[in-house]
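J.:
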Amino acid sequence: MVFTFWDIPGIRSNKSLEVLERSLCPICIYSDRGQTVYASQSFLELLQAKAEDVGFFDYFASGSTTLALLTKFWERALQGETIEFLSKTKDAWEDIECSLQFNPDAKLMFLTAKKLNSEGDTQKLIEEYDRAVSLFNCASLATALTNPDGIVVRCNQKFHELLGTTGAETLHLEKFVHPEDRLVDGDLRQKLLEGDISSYTIEKRLVSKSQDVIWVNISVSLIDLPACVNGYRKYFVVLLEDITESRKIYNALVRTEEKWKAFVLNSPYLFIQTSNTGQIIYASPIVESLLGYKEEELLGRYVTEFIHPNNFNEFELALQLWVSNVQSRQLGIECWWKTKSGKWVFLYIQGQQFPSVLEIDGVVITGYNITDRKYLEVELKASEERFKSLTSNIPGAVFRCDSTYTMRFISDGIEEITGYPASAFVNNQRLSYLSIVHPDDIGLIKDSLIQSVLDRYRCSIEYRIIHANGQIRWVSERKQGVFDDSDNLLWLGGVLLDISDRKRLEEDHRRSEAERKRLEAELHRCEAINRTMAQMIPGLIHSNCLECFPPLASSNAGIAD
786 MVFTFWDIPG IRSNKSLEVL ERSLCPICIY SDRGQTVYAS QSFLELLQAK
836 AEDVGFFDYF ASGSTTLALL TKFWERALQG ETIEFLSKTK DAWEDIECSL
886 QFNPDAKLMF LTAKKLNSEG DTQKLIEEYD RAVSLFNCAS LATALTNPDG
936 IVVRCNQKFH ELLGTTGAET LHLEKFVHPE DRLVDGDLRQ KLLEGDISSY
986 TIEKRLVSKS QDVIWVNISV SLIDLPACVN GYRKYFVVLL EDITESRKIY
1036 NALVRTEEKW KAFVLNSPYL FIQTSNTGQI IYASPIVESL LGYKEEELLG
1086 RYVTEFIHPN NFNEFELALQ LWVSNVQSRQ LGIECWWKTK SGKWVFLYIQ
1136 GQQFPSVLEI DGVVITGYNI TDRKYLEVEL KASEERFKSL TSNIPGAVFR
1186 CDSTYTMRFI SDGIEEITGY PASAFVNNQR LSYLSIVHPD DIGLIKDSLI
1236 QSVLDRYRCS IEYRIIHANG QIRWVSERKQ GVFDDSDNLL WLGGVLLDIS
1286 DRKRLEEDHR RSEAERKRLE AELHRCEAIN RTMAQMIPGL IHSNCLECFP
1336 PLASSNAGIA D
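In terms of the numbering used here, the sequence shown opens at residue 786 and continues consecutively.
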């Protein structure tokens, strides 16, 4: 079935329109009340239904997805939220993944669908997990891949050995966390999900199936997939280092100086004992390999002498919290330390006050080297800055959008062209890009989209937009589609240039040319009149002379008589 939604001049045949519809991802467009406006052929084939049967509330209501739940999804989408949910086809009962998004300008609801948990997406998840694990020396570590609900999707044998579980069980990692430690990393987990941090490390207690308490050093990083797998796009990679013995030893040895030193001498971690003001009393031997100083070179100096100025205030605050012992859990910070050679190393450090029973004032600071990881983060940030600098120096605006012209990225240059900031267009946060295109030029956009999808050539068009101040501006758009191995459109990438000045010059030139042609025509007309007058004047002169003066021959004849 071919819909009039694609009734575009130049592409009228049913065959051409069917090719266009099959090139797009499965999509259905509804009115704001849920009536079907358009359903692509691929969408109907996926649902194995006819166009008149795919009404949102009629088709997707089921035992697992009730009408009340669908209504809630619909209302949230109308408020601007992108809703992702799982459903099933009615006939084949296959799982499908749906995404619901409302366009307030067009007052249309867009629903995209795909088969759930395709083999490629699952393989991508496994590859990302294996890649993340391979970055560490995990031979002695327990590793696990969990979804946001804490369900273990994949783990190694060390994980089962640590918790006393088997591969036949469905495991929920949070159920093994000690009740007192379940909320200690809630803020960090949220920051990880929101992209504020790339990973975090924290100590926790786990309780095995045999009810043994296990101290672990947990490192958590995030996998953000381009598509959902089993209903989730984000998964956690968890590395568990069993530090139970180290923790027991530390808690025991910290009561006496000799036992405490016996532990730290063989530890790969840095241990520094300071006074309440941060003056160094003791430093473990590992400090020499980390900072280049011998222990005796550090005694009596203040820790702040080695902290980078950018991290000074943060360290001072952390030291005060460690000394006062008011934090609910161990506070860890990351900061740059200056080595003896003048170089900088990045350490993750934690601190705690000595137990009161020891009657020792001061703080114990532990830490380890994370310089390599930090340099990778700096390199990534520099790469992002280079890209931002490149796009900011390109005339106009660089953009990337999908087949509905929803901007997934657009550079800051768009504000100079349209009067709106780039953030207003990204994912239609404030308005869609198509909403500022002149209504008479929307057809040009559709034609160019078809050319990009079907012909796959770079497309250049010129059209008008409505600036934020209400003025009409002309823009030149050059774009080209990017496709996957299955010939599905991934995105459209291109450049927008403001050509309003050129258009004004062209219009001025056109008017000047018209005026010149008018003056030339007027000149030719005057010349023609002059030529005509010149031809008529001699005859008029001769005729007037005959009337005023009779012929001489007649006069002479009268005299002779």
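C-beta: ideal position from N, C-alpha, C; glycine also. The model shown is predicted, which means the values in this text are computed figures rather than measured ones.
(1) Cβ atoms of V1148 and Q1135: under 8 Å apart, would you say?
(2) What span of residues does the alpha helix (DSSP H) with K989 cover, start to end?
(3) Using a Cβ-Cβ cut-off of 7 Å (strictly less than) and excluding sequence neighbours within five positions of L1282, which residues of its own chain qualify?
(4) Round the Cβ separation of S739 and G1266 to the nearest angstrom and send it over; I've been treating them as touching at under 8 Å.
(5) Between the Cα of C883 and those of A1319, D890, T850, spot the shortest distance and give me the residue it belongs to.
(6) On the three-pair Cβ rule with 8 Å, is the region 1004-1020 touching the region 906-921?
(7) Just checking my contact of G1204 with K1125 at CB under 8 Å: how many whole Å lie between their CB atoms?
(8) What do you reckon, are the CB atoms on I1065 and L1083 nearer than 8 Å?
(9) Whose CA, out of V1280, T907, F1210, lies closest to the CA of T1189?
(10) Does the Cβ of R1258 have 16 or more other Cβ atoms within 10 Å, making it buried, or fewer, making it exposed?
(11) With a cut-off of 8 Å, does the C-beta of I1230 fall near any C-beta of chain C?
(12) In chain order, what residues of the same chain lie with their CB nearer than 6 Å to the CB of I1344, ignoring the 5 residues before and after it?
(13) Closest to R1241 by C-alpha separation, out of A1253, H1223, H1093, K1264, would be which residue?
(14) My understanding is that I814 touches L926, with C-beta atoms under 8 Å, so please give their C-beta distance in whole angstroms.
(15) By the DSSP assignment, the alpha helix (DSSP H) with D1232 in it spans what residues?
(16) Using a 10 Å radius around the Cβ and a threshold of 16 neighbouring Cβ atoms, would you call L1007 buried or exposed?
(17) Any idea which residues DSSP pairs W1107 with across the strands?
(18) Count the other CB atoms within 10 Å of the CB of M1318; is the residue buried (16 or more) or exposed (fewer)?
(19) How would you label S1233, buried or exposed, when you count the other beta carbons within 10 angstroms and need 16 or more for buried?
(20) Pull up the CB-CB distance for G935 and H957, whole angstroms please, since I reckon it's below 8 Å.
(21) Between which two residues does the alpha helix (DSSP H) carrying D817 extend?
(22) Tell me which residue opens and which closes the alpha helix (DSSP H) that Y1020 is part of.
(23) On the three-pair Cβ rule with 8 Å, is the region 1084-1095 touching the region 1052-1067?
(24) If you count every other CB in all the chains shown that lies within 10 Å of the CB of W1107, and 16 or more means buried, which is it?
(25) Which residues mark the beginning and the end of the alpha helix (DSSP H) in which G971 is found?
(26) In whole angstroms, what is the alpha-carbon distance linking K900 and I1284?
(27) Return the Cβ separation of A929 and V937 in integer angstroms, given the expectation that the two are a contact with Cβ distance under 8 Å.
(28) At 3 residues or longer, what runs of the beta strand (DSSP E) sit wholly inside the region 1192-1217?
(29) Let's see if you can read the secondary structure: which residues bound the alpha helix (DSSP H) around E946?
(30) Judging by CA-CA distance, which residue of H1093, R1215, E1170, S1168 is the nearest neighbour of T1191?
(31) Please state whether DSSP places T789 in a helix, a strand or coil.
(32) Would you mind working out which of V1222, D1269, L1274 sits nearest R1249, comparing C-alpha positions?
(33) Alpha carbon to alpha carbon, how far is I1235 from S1245? Give it in angstroms, no decimals.
(34) Since E1081 is in the alpha helix (DSSP H), which residue starts that stretch and which ends it?
(35) Between the beta-carbon of S993 and the beta-carbon of I999, is there less than 8 Å?
(36) In whole angstroms, what separates the C-alpha of V1014 from that of Q996?
T.: In brief:
(1) As a position in the sequence shown, residue 1135 is number 350, starting the count at 1. As a position in the sequence shown, residue 1148 is number 363, starting the count at 1. No, the pair does not count as a contact, with Cβ atoms beyond the cut-off.
(2) Residue mapping note: residue 989 aligns to position 204 of the sequence shown, counting from 1. Here K989 belongs to no alpha helix (DSSP H); instead the beta strand (DSSP E) covers 984-992.
(3) Start at 1 with the first residue of the sequence shown, and residue 1282 comes out as number 497. P1180, G1181, V1260, S1261, listed in sequence order.
(4) With the chain covering 786 to 1346 only, the question about residue 739 has no answer from this structure.
(5) As a position in the sequence shown, residue 883 is number 98, starting the count at 1. The residue with the shortest Cα to Cα distance from C883 is T850.
(6) Per the Cβ contact rule, the region 1004-1020 is in contact with the region 906-921 (3 or more Cβ pairs under 8 Å).
(7) For the purposes of this step, residue 1204 is identified with residue 419 of the sequence shown, where counting begins at 1. For the purposes of this step, residue 1125 is identified with residue 340 of the sequence shown, where counting begins at 1. 56 Å between Cβ atoms; not a contact.
(8) Numbered from its first residue, the sequence shown carries residue 1065 at position 280. Numbered from its first residue, the sequence shown carries residue 1083 at position 298. If you check the CB distance, I1065 and L1083 come in under 8 Å.
(9) Counted from its first residue, the sequence shown places residue 1189 at position 404. With distances taken between Cα atoms, T1189 lies closest to F1210.
(10) Taking the first residue of the sequence shown as 1, we reach residue 1258 at position 473. Under this definition R1258 is a buried residue.
(11) Going by chain labels, chain C is absent from the structure shown, which holds only one protein chain.
(12) By one-based count along the sequence shown, residue 1344 stands at place 559. Because I1344 sits at a pLDDT of 43, beneath the cut-off of 50, its placement in the model cannot be relied upon, and the point is left open.
(13) Reading the sequence shown from its first residue, position 456 is the one you call residue 1241. Closest by alpha carbon: K1264.
(14) Here residue 814 corresponds to residue number 29 of the sequence shown, with the count starting at 1. Here residue 926 corresponds to residue number 141 of the sequence shown, with the count starting at 1. Not confirmed; about 49 Å, so no contact.
(15) Taking the first residue of the sequence shown as position 1, residue 1232 is located at position 447. Taken as a continuous stretch (DSSP letters only), the alpha helix (DSSP H) holding D1232 covers 1227-1235.
(16) As a position in the sequence shown, residue 1007 is number 222, starting the count at 1. The residue is buried, with at least 16 neighbouring Cβ atoms inside 10 Å.
(17) The count along the sequence shown starts at 1 and reaches residue 1107 at position 322. According to DSSP, W1107 bridges with nothing at all.
(18) Translated into the one-based positions of the sequence shown, residue 1318 becomes position 533. Counting Cβ neighbours within 10 Å, M1318 comes out exposed, since fewer than 16 surround it.
(19) The residue labelled residue 1233 in the question sits at position 448 within the sequence shown. Result: buried.
(20) Here residue 935 refers to the residue found at position 150 when the sequence shown is read from its first residue. Here residue 957 refers to the residue found at position 172 when the sequence shown is read from its first residue. Yes, they are in contact, since the Cβ atoms of G935 and H957 sit about 5 Å apart, within 8 Å.
(21) The sequence position of residue 817 within the sequence shown is 32, counting from 1. Run containing D817: none; DSSP gives neither H nor E here.
(22) Along the sequence shown, one-based indexing puts residue 1020 at 235. No alpha helix (DSSP H) holds Y1020; the beta strand (DSSP E) holding it covers 1017-1027.
(23) yes
(24) For the purposes of this step, residue 1107 is taken as residue 322 along the sequence shown, with counting starting at 1. Classification for W1107: buried.
(25) Taking the sequence shown and counting its residues from 1, one reaches residue 971 at position 186. 971-978 is the span of the alpha helix (DSSP H), which, as asked, contains G971.
(26) Taking the first residue of the sequence shown as 1, we reach residue 900 at position 115. Taking the first residue of the sequence shown as 1, we reach residue 1284 at position 499. Cα-Cα distance, rounded: 44 Å.
(27) In the sequence shown, counting from the first residue as 1, residue 929 sits at position 144. In the sequence shown, counting from the first residue as 1, residue 937 sits at position 152. Contact between A929 and V937 holds: their C-beta atoms lie close to 5 Å from each other, under 8 Å.
(28) 1192-1195
(29) Numbered from its first residue, the sequence shown carries residue 946 at position 161. Looking at the DSSP string, the run of the alpha helix (DSSP H) that includes E946 is 942-948.
(30) Numbered from its first residue, the sequence shown carries residue 1191 at position 406. Looking at H1093, R1215, E1170, S1168, the one whose alpha-carbon comes closest to that of T1191 is R1215.
(31) Indexing the sequence shown from 1 puts residue 789 at position 4. Confidence at T789 is low in this model, with a pLDDT of 49, below 50, so its placement is unreliable and the value that follows should be read with caution. T789 falls in the helix class under three-state DSSP.
(32) Taking the sequence shown and counting its residues from 1, the one referred to as residue 1249 is at position 464. Taking only the C-alpha atoms, the option nearest R1249 is V1222.
(33) Residue numbering aside, residue 1245 sits at position 460 when the sequence shown is read from its first letter. Residue numbering aside, residue 1235 sits at position 450 when the sequence shown is read from its first letter. About 13 Å.
(34) Indexing the sequence shown from 1 puts residue 1081 at position 296. Residues 1080-1083.
(35) Here residue 993 refers to the residue found at position 208 when the sequence shown is read from its first residue. Here residue 999 refers to the residue found at position 214 when the sequence shown is read from its first residue. Their beta carbons are under 8 Å apart, which means S993 touches I999 by this criterion.
(36) To locate residue 1014, count along the sequence shown from 1; it is residue 229. To locate residue 996, count along the sequence shown from 1; it is residue 211. Approximately 33 Å between the Cα atoms of the pair.
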